[in-house]
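In the order they appear, the protein sequences are chains E and Z. Taken in order, the first sequence gives residues 437 to 526; the numbers are from the working numbering. Taken in order, the second sequence gives residues 45 to 411; the numbers are from the working numbering. Beta carbons: idealized from backbone N, C-alpha and C, even for Gly. Working notes, structure below.
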Amino acid sequence: MCLAVPGKIVEVRESSGVRMATIDFGGIRREACLEYVPEAGEGDYVMVHVGFAISRVDADEAARTLELLREMDQLAEAGPEEPGGPDEVP
Amino acid sequence: MKYLDEYRDAGLAGKLAEQIRRTATRPAALMEICGGQTHSIVKYGLDELLPREVELVHGPGCPVCVTPLEMLDRAHAIARRPEVIFCSFGDMLRVPGSRGDLFQIKAEGGDVRVVYSPLDCLKLARAHPDRQVVFFAVGFETTAPANAMAVWQARAQGLANFSVLVSHVLVPPAITGILESPNNRVQAFLGPGHVCAVMGWREYEPLAARYRVPVVITGFEPVDLLEGILMAVRQLAQGRAEVENQYARAVTREGNPEAQRRMFQVFETCDRAWRGIGVIPESGYRLRPEFQEFDAGRRFEVESIRPEEPEACISGLVLQGVKKPHDCPAFAKECTPQTPLGATMVSAEGACAAYYNYGRHLVRHAE
Ligand code: SF4
């Protein structure tokens, strides 16, 4: 029930006085209300729950967490680095 | 998908499990609060990656499971009325009241509709001015801002034919209830990431301090959950009891101030009955007096109903982490998702249903 899914804001508009947006979830597009994330705009990622963006995904924090995890990964492995870039997922 | 796939990386998950194994020195029971987390844990078999010392018990965080039978019966009575268009999130449709579920009411000619967003109900109300549109507003703090916005907008747009049946529940009072229980064996919590995206984690700090229990705000993907477990196990090993945030990409300490502001304009806290558990003080939201004209409970007189729960069901203990689905004699026998006896078998996020859907009863039988 408390599921929220990350999606990318592709287009922002106004509808009956409410800030709405089209959000792209890996190719599937849906409407969501942006009233609760006034700081978010086109190109930003937001967490969407029942048609509402409830938080903006903090790209720096996401990158930092993954960096830390991967460092740990390599320490544990004590072997060669993983092939490919660390965190670029298209 | 960005921000999802990288948190499902099997290699990373394996390394985290390894770290947990190294860190866990003595037995500990950890509870994940949220039903969505329970679902991920059982789906990906994360509990089976853990060392024997670390046990996961499943929490009460499934709003569908804890909505009292009495509230369901009330919703169903309203949904049966001919002038009503009854709107609900999809997961409430199969939940049985004392006399059938919303699906059955729909089959019998009731106008029951599944909405994706509560704002969809306002469109319906505008399109059908001669009908009464009622929305079943369930959920935790994650969902409350969306439901609050629907009521707020209905008032702004002067929609007289829209109302809500509110049955909101809150996480911190439920945690307090679990910690106060003499049966409690939970030593650390994985906090509910999306509830905290809205509320932040300040409310969990007095809990962690008072009961000396680590709380790690955790996300929903396998890597998130394993990292959350590692952080909690590390706190236990080091004798710390703090609130930590594993889910920093979506959660801040303050949460979402805009969402909180709107929620508290529309809702106020109240005592609330939890199915299988009983009344927990100050554990829910209801409409503020200024919004009572939108209260479906007032708009539609419904005779008061005193339903009875099946005796065999121990879902109250499952919801509080005292028992596991396997401990129930009816599990996977009389009680299955097709013939649910209790709350935790009804919703896909309930612990009993998650165990059943991912074949845990089969594994157990094979042992
Ligand atoms: S298996 Fe069924 S009867 Fe047993 S606790 Fe779970 S929901 Fe209740």
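- The alpha-carbon of L203(Z) is positioned some 7 Å away from that of R170(Z).
- Residue side-chain check: T111(Z) keeps its Cβ at 7 Å or more from all non-hydrogen atoms of the ligand SF4.
- Bounds of the beta strand (DSSP E) holding H102(Z) are V98 to G105.
- Rounded to the nearest angstrom, the gap between the Cα atoms of E475(E) and E497(E) is 17 Å.
- Residue state for V484(E) is assigned as strand, using DSSP reduced to three classes.
- Partner residues in the beta bridge of P236(Z), as assigned by DSSP, are T262(Z).
- Here A397(Z) has P381, P384, T388, M389, V390 and S391 as same chain residues with Cβ atoms under 8 Å from its own Cβ, once five neighbours each way along the sequence are excluded.
- The alpha-carbon separation between V267(Z) and R466(E) amounts to approximately 27 Å.
- Around the beta carbon of Y160(Z), fewer than 16 other beta carbons lie within 10 angstroms, which makes this residue exposed.
- For Q201(Z), the C-beta contacts it makes with chain E under 8 Å involve S452, in order along the chain.
- Contact of T69(Z) with chain E is not assigned, every C-beta pair being separated by 8 Å or more.
- Scanning its chain for C-beta atoms nearer than 6 Å, with the 5 sequence neighbours on each side dropped, one finds around G263(Z) the residues G237 and Y291, in chain order.
- Out of E355(Z), P126(Z) and G299(Z), the CA that lies nearest to the CA of G320(Z) is found in E355(Z).
- Just so you know, the alpha carbons of Y402(Z) and H102(Z) end up roughly 15 Å apart.
- With a threshold of 8 Å between beta carbons, T187(Z) makes contact with chain E.
- Counted as a single uninterrupted DSSP element, the stretch harbouring W196(Z) is not any beta strand (DSSP E) but the alpha helix (DSSP H) occupying residues A188 to A200.
- Between V208(Z) and F338(Z), the beta carbon gap of about 6 Å places them in contact (Cβ cut-off 8 Å).
- Buried is the label assigned to D91(Z), since at least 16 other Cβ atoms lie within 10 Å of its Cβ.
- With a 10 Å radius around the Cβ and a threshold of 16 neighbouring Cβ atoms, D49(Z) comes out exposed.
- Closest in C-alpha terms to V215(Z), from the list P104(Z), W196(Z) and R175(Z), comes P104(Z).
- Secondary structure of C109(Z) (DSSP, three-state): helix.
- If you draw a straight line from the Cα of S142(Z) to the Cα of E353(Z), it is about 9 Å long.
- Pairwise C-beta distances place the segment 306-316 of chain Z out of contact with the segment 277-287 of chain Z, as fewer than three of them are shorter than 8 Å.
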